[in-house]
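Here's the structure, in structure tokens; my notes come after.
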Amino acid sequence: TFRLPRKSSAPVIMIGAGTGVAPFRAFVREFRAENGLRPKTILFFGCQKSDTDFLYKDEFTEALSTTPKALGELVTAFSREQEHKVYVQHKIKERAADIA
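Quick note: the sequence shown, position 27, residue 26 per the numbering used here, numbers continuous.
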């Protein structure tokens, strides 16, 4: 079953690569409806290029700026925007202490 934890204090860690991020739009909308009830939400999103592949960019960045925040944090990985490729798993590893 793909749903949010019943316990609102449980951290919600979402990982979406490319179109795999689409279901998390519903979660972010639910966070907005809950009016800041969930204190720890983070979305890891990865794609090739930010200017062409960053699906729902406006929606997710807006969720970061609402009061209270509908999304606690957005971590992105754009694999083709630098010499060495950076993927979502690299960003997760960088944040291991925060999400363990």
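A virtual CB, placed ideally from N, CA and C, is assigned to each residue, including glycine. In this text the structure is predicted, and so the values were computed from the model without any measurement.
Closest in alpha carbon position to L54, among K39, G71, G19, is G19. Its chain contains L36, R37 as the residues whose beta carbon lies nearer than 6 Å to that of S7, once the 5 sequence neighbours on both sides are disregarded; these appear in chain order. At a cut-off of 4 residues, the continuous stretches assigned as alpha helix (DSSP H) that sit fully inside the segment 35-92 are 49-52, 56-64.
Spanning the alpha carbons of A69 and M13 requires a straight line of approximately 14 Å.
Rounded to whole angstroms, the separation of the alpha carbons of N34 and P67 is 6 Å. For the options E29, T0, R28, F43, the alpha carbon positioned closest to that of V85 is the one of F43.
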